[in-house]
Amino acid sequence: MNEPEFLAATTQDDLLWRQLKSIPAFRAILRAVEARFYFGVELPGPTLDVGCGDGHFSQMVFQRKIEAGIDPWWNPLTKGQKSGMYDLALQAMGDKLPFPDGHFASAFSNSVLEHIPDIQPVLNETNRVMQMNGRFLITMPSHHFTQNLGGATFLARLGLPGLADAYRRFFNRIARHAHTDSAEVWAERLAAAGFSIERWQYYFSKKALWALEWGHIQGLPSAIMHAITGHWIVAPWESSLRRTERWLRPFYDEPFPEDGTCLLIVARKQANGPIPVQLPPARPFTIEELETAVASHQPIATEPEPTSEPEPQTDDLLPAVSPQPQEEPAAKPATANWFSIALGILSLLAAMMGQLALTGDPPNLASGRRWFFYSALPLLLLLWRSRPAGLGAAQSWRLPSLGQIPRRRWLFPLGLLLAILAQSAVGVPGSERPLLSILLWLAGIGLSFYAWQDAQPDAPPLIISRRTLGTAVFLFLVALVVRLVNLSHNPFMLNGIEASLGLNSLQIIRGQLQNPFATAWLTNPTLPLYFMALPISILGPTTLAVRLVSPFVGAATVAATYLFGKRLFGNMAGLLAAILLLGSHFHLHYSRLGMTNIWDGLLMLLALGAIGVAWQRPSTAPHQRTIWLWAGGLVGLNAYAFTSSRVLPVVLIAWFVLSLLLDWKSFRAQGWHLLAALGMTLVVALPLLLFYNNNPTIFMERANALGILPGQTNWLAGEAARTGMSQTAVLWQQFWQSALAFNGIPDNSPAYRPLIPLLTFGPAVLMVLGFFLALFRVRQNNHRLLLLWPLGTIIVAGMLLIESPQSHRLVVATPALALLAAIALVTLGNLLLATAHATDETPPTLNEWQPTTGNWRSHTVHAGLILVALVLIFSLNDLAFYYGRFPTNNQFADTNTEIAYEMANYLNNLDGDWTAYLYGPPILYVDFPTLPYLLTDFQAGANLFNVDSPESERAPAPTANQIFIFLPQRQAELVAVEQAFPGGTSQQVNGRYAAPLFTVYQYQP
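Residue numbers are given in the working numbering: position 847 of the sequence shown equals residue 848, and the series is strictly consecutive.
In structure tokens form, the structure reads like this:
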């Protein structure tokens, strides 16, 4: 379905409505009147559009693709190329067309010829490429246009003819009119080129012209909206446009005046050179004739064509299209490229200054923010010079009747029922059947997938090229090796979060936690813990076992970043992002911890990446429903990860609203697919949603414990009172505290605290530039998703929580950060590549960079290799930090965690049977999670006891061998123990955070 059909679906349809829904009113009325002529005049193919621009007019008029369009201006031409209306859309001057003689059977030029100062060579060249008797349809302003301008008429009535003439010159200058001439003048020009006039008429009355003038002022908001959103009209609905339509409708329906301000000419090629001038009497169409032609899609019958023998037609257009060097269209001067380079350098330098300010000693947050803002300005100007846009096809959709619903759709309620039964199978404590529950859940997912699927027996299979798959596998293996190196000892100890989740995994192994669709420690969903339990069940409760799943998840995230980055942003961006993520010390660290936070980034990448891929494809593409169903299922899986289950809904709601405003056509086209995806999301997430419904306080428990808002910790009001700032100012400060966490604000999370920014200097600068690029390209869905992902993370997992920033909450955004840095680097690379390319040719880009033996010596390959080498340096720098400085220079975990970890190692190395007493309370107790997880031969309450105070009696020892462990705060009690158990040995155990961490007294009778 093309755009006119989409626009017709939003209200009643005619040509005026079509135009009003897509362009400002002052253009819409004139284009609507002109569009009727194109329905009334037959233009057989192949057809040439002389001055195609962005292709919008052709989209509104033609129900077929036009064989060729030319335009000298590159920016609108790129939109025309993306519109899908032209087999060929080429940059060319009208007097040097890159086509063979006598090729086109027809041509048209809508409001173009009046802008060309030297028009005769263009008419001559158009004649050359047309077949004999080929029809040439032209619409343009006439001499009545200039004479009857409303502003000039008003000034003339005031007795100010000089100002009236000045106004006419001014209006024609801003409209870029080189001439507005009569039919007689055009008859002479066309005859000189070999065209005779078949019929002609004036159209568009003086009052319609005055409405057009006034519309220029009214169109200013539309121009601003177009600059922001990429759309002239963001609400193309009857309710919002009805008043404008009523104002313009009389001008659309008016009869054609004899002194109309615009001129229609239908000409035919009669010779290859000049012919005698002939101007037949005006023969205007009637409104009834044209409306009938519009309704029937049948042109008005014309008089018999002359019987001149047509010139032979060349079937092979493509070889002739390749222009000779002397026929190349004029290009912009090379200085434009250097100006773009200067803008790119200014943006990069400003971002670097911002990063330096954030990492200075002391950090200057205000200066950093200011420099980042400065970096956005030249970047915005750079993008404005070549802003992308395009109009895609959209598909109308309506609710079907019950009889039209495919039978398989009725299986979806059964899928929902199976998902409900999956929760029921584990919903009653003490009688859980986890295996049955998971099987029911998977069956419900499979049945729902089948129910929503569209049968496409002849569709080609979805495949990934061997090269792409091989690259992804290679990246996965390298990332996995990097993440497995020295896994047990870097980080150097098991932290309390890892130990707590490890204990939950042990409960799963021992049958004590049997609900995969519930939550465990601190409301973490249990499903990922079932994967964590697998290596623990084989290797036992060790540091290696609890961490072993995370490297595989992190490596899979690297590979997925490449695959989705390649599909959404190009091969080069995907590759660079994957390399950056592979070595990122931030992502690497959480890929090595026994925490489920690393799942957040992978699941969110899969969900948003699948949505981006599905949105990018036409709604009728093969397997489109399949991709949307996968997207919906992956969105549902995010319910089983802690952070992404909170962040993703916010991101998707924002994406939904922005897509409605910025990409309504695609939204309508993908409507049924979105509904199917929503159904899959519901089935996948339903068991856990039912658990939350049965336990209504659990989902928001951590948010209420950590949130800053009233009804939570009320930190926001308390901080405002403490500092004397308004709550808005405090909230804004919280936002920046979280937003700059990646660039320089110190990490507060006990799970990392590397003492350097979460992103090192190079990736941090590129990430900021990439963020601005995504912001400026928010009209494009892939950039819209990429923008909202880190923004949602900053707000939900940073700004609205106390003690922000904490890296374990923000790791969900790491794939997005890598992609932002990569698209910035590719954009800068394309800019540099353009300067090395001939200015009279379209420069290549790095987006789909792939070196081969055939192109090894090209500038593109060399530039790509430079970018790859640069990100390898960034990645190796991060790896050198993590395996070099970090092990000895960090604030990972805390003293108590180190005491518990070293205490567990000490006790596990004892031979024989022992009873241990911990002189740790009130600082440390034997139920600190590291101890019950790691200890193999000691159990609290059996042979491991707290000694609460000096006055407390020790529990009876079940073994003769006894060991007494004293924290430094209670070491004075060692004397009494030595007196009670003489002959033992004491030893101090030192650590990184304290010396000693604790003192041990061993007694063996």
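Backbone N, C-alpha and C define an ideal beta-carbon position, used for all residues, glycine too.
Everything numeric in this text was worked out from a predicted model, so none of it was measured.
Tell me, to the nearest whole angstrom, how far the beta carbon of residue i is from that of residue j; I am working on the premise that it is less than 8 angstroms.
{"i": "glutamate 974", "j": "tyrosine 920", "result": "6 angstroms"}
{"i": "phenylalanine 882", "j": "isoleucine 757", "result": "7 angstroms"}
{"i": "glycine 602", "j": "proline 816", "result": "5 angstroms"}
{"i": "leucine 833", "j": "alanine 574", "result": "In fact, because the Cβ distance is near 16 angstroms, the residues do not count as touching under 8 angstroms."}
{"i": "threonine 140", "j": "glutamate 35", "result": "5 angstroms"}
{"i": "alanine 765", "j": "asparagine 749", "result": "Going by Cβ atoms, the distance from alanine 765 to asparagine 749 rounds to 18 angstroms, so no, they are not a contact pair."}
{"i": "threonine 147", "j": "lysine 207", "result": "At roughly 12 angstroms, the Cβ-Cβ gap does not stay under 8 angstroms, so threonine 147 and lysine 207 are not in contact."}
Look at the alpha carbon of residue i and the alpha carbon of residue j, and state the distance between them as a whole number of angstroms.
{"i": "leucine 880", "j": "glycine 503", "result": "27 angstroms"}
{"i": "threonine 698", "j": "valine 948", "result": "36 angstroms"}
{"i": "lysine 66", "j": "glycine 46", "result": "10 angstroms"}
{"i": "leucine 213", "j": "valine 123", "result": "28 angstroms"}
{"i": "alanine 194", "j": "proline 142", "result": "20 angstroms"}
{"i": "proline 313", "j": "histidine 104", "result": "Only weak support exists for where proline 313 lies, its pLDDT of 39 falling under 50; the value from the coordinates is given anyway. Whole-angstrom Cα-Cα distance: 8 angstroms."}
{"i": "serine 197", "j": "tryptophan 656", "result": "55 angstroms"}
{"i": "serine 449", "j": "leucine 443", "result": "10 angstroms"}
{"i": "isoleucine 288", "j": "isoleucine 301", "result": "12 angstroms"}
{"i": "serine 84", "j": "glutamine 60", "result": "8 angstroms"}
{"i": "glutamine 807", "j": "glycine 799", "result": "7 angstroms"}
{"i": "tyrosine 926", "j": "asparagine 365", "result": "42 angstroms"}
{"i": "isoleucine 580", "j": "alanine 473", "result": "11 angstroms"}
{"i": "leucine 732", "j": "glutamate 720", "result": "10 angstroms"}
{"i": "serine 953", "j": "phenylalanine 946", "result": "12 angstroms"}
{"i": "alanine 452", "j": "tryptophan 211", "result": "57 angstroms"}
{"i": "leucine 569", "j": "leucine 347", "result": "27 angstroms"}
{"i": "isoleucine 446", "j": "arginine 467", "result": "30 angstroms"}
{"i": "glutamate 499", "j": "proline 542", "result": "11 angstroms"}
{"i": "tyrosine 994", "j": "isoleucine 612", "result": "47 angstroms"}
So, residue i versus residue j, is the Cβ gap smaller than 9 angstroms?
{"i": "methionine 768", "j": "leucine 776", "result": "no"}
{"i": "leucine 582", "j": "alanine 642", "result": "no"}
{"i": "leucine 576", "j": "alanine 823", "result": "yes"}
{"i": "aspartate 55", "j": "glycine 81", "result": "yes"}
{"i": "isoleucine 803", "j": "threonine 682", "result": "no"}
{"i": "asparagine 848", "j": "glycine 610", "result": "no"}
{"i": "glutamate 199", "j": "valine 267", "result": "yes"}
{"i": "glutamine 92", "j": "isoleucine 71", "result": "yes"}
{"i": "arginine 129", "j": "alanine 106", "result": "no"}
{"i": "phenylalanine 893", "j": "proline 751", "result": "yes"}
{"i": "leucine 150", "j": "arginine 169", "result": "yes"}
{"i": "asparagine 909", "j": "leucine 935", "result": "yes"}
{"i": "leucine 653", "j": "alanine 686", "result": "no"}
{"i": "isoleucine 421", "j": "proline 688", "result": "yes"}
In the DSSP assignment, the beta strand (DSSP E) including residue i goes from what residue to what residue?
{"i": "threonine 140", "result": "131-142"}
{"i": "glutamate 68", "result": "67-72"}
{"i": "leucine 1038", "result": "This structure cannot speak to residue 1038, because the chain is shown only from 2 to 1006."}
{"i": "aspartate 166", "result": "Here aspartate 166 belongs to no beta strand (DSSP E); instead the alpha helix (DSSP H) covers 162-175."}
{"i": "alanine 106", "result": "105-111"}
{"i": "threonine 1000", "result": "999-1004"}
{"i": "glutamine 963", "result": "963-967"}
{"i": "threonine 360", "result": "Counting along the chain, threonine 360 falls outside any beta strand (DSSP E), and DSSP gives it neither H nor E."}
Tell me the residue span of the alpha helix (DSSP H) that contains residue i.
{"i": "lysine 666", "result": "665-670"}
{"i": "alanine 775", "result": "762-777"}
{"i": "tryptophan 187", "result": "184-194"}
{"i": "threonine 729", "result": "728-740"}
{"i": "leucine 422", "result": "413-425"}
{"i": "glutamine 988", "result": "That residue, glutamine 988, is in no alpha helix (DSSP H); its beta strand (DSSP E) goes 986-990."}
{"i": "valine 636", "result": "625-638"}
{"i": "leucine 49", "result": "Not the alpha helix (DSSP H): leucine 49 falls in the beta strand (DSSP E), residues 48-51."}
Query raised in the report: Are the stretch 900-907 and the stretch 978-998 touching by the rule of at least three beta carbon pairs closer than 8 angstroms?
Result: yes
Report task. Indicate whether the contact test is met: 3 or more Cβ pairs, each with one atom in the stretch 507-520 and one in the stretch 432-447, closer than 8 angstroms. Result -> yes
Query raised in the report: For the stretch 664-673 against the stretch 703-721, are there 3 or more C-beta pairs whose distance is under 8 angstroms?
Result: With fewer than three CB-CB distances shorter than 8 angstroms, the stretch 664-673 does not count as touching the stretch 703-721.
Query raised in the report: Are the stretch 520-540 and the stretch 618-626 in contact at 8 angstroms, needing three or more beta carbon pairs?
Result: Judged by Cβ distances under 8 angstroms, the stretch 520-540 makes no contact with the stretch 618-626, as fewer than three pairs qualify.
Requested in this report: Assess, as a yes-or-no matter, whether the stretch 904-916 is touched by the stretch 955-975 under the definition of 3 or more beta carbon pairs within less than 8 angstroms.
Outcome: yes
**Report entry** Cβ pair count under 8 angstroms reaching 3, the stretch 251-263 against the stretch 157-176
**Finding:** no
Requested in this report: May I ask you to verify whether the stretch 546-561 touches the stretch 473-488, counting CB pairs closer than 8 angstroms and requiring at least 3?
Outcome: yes
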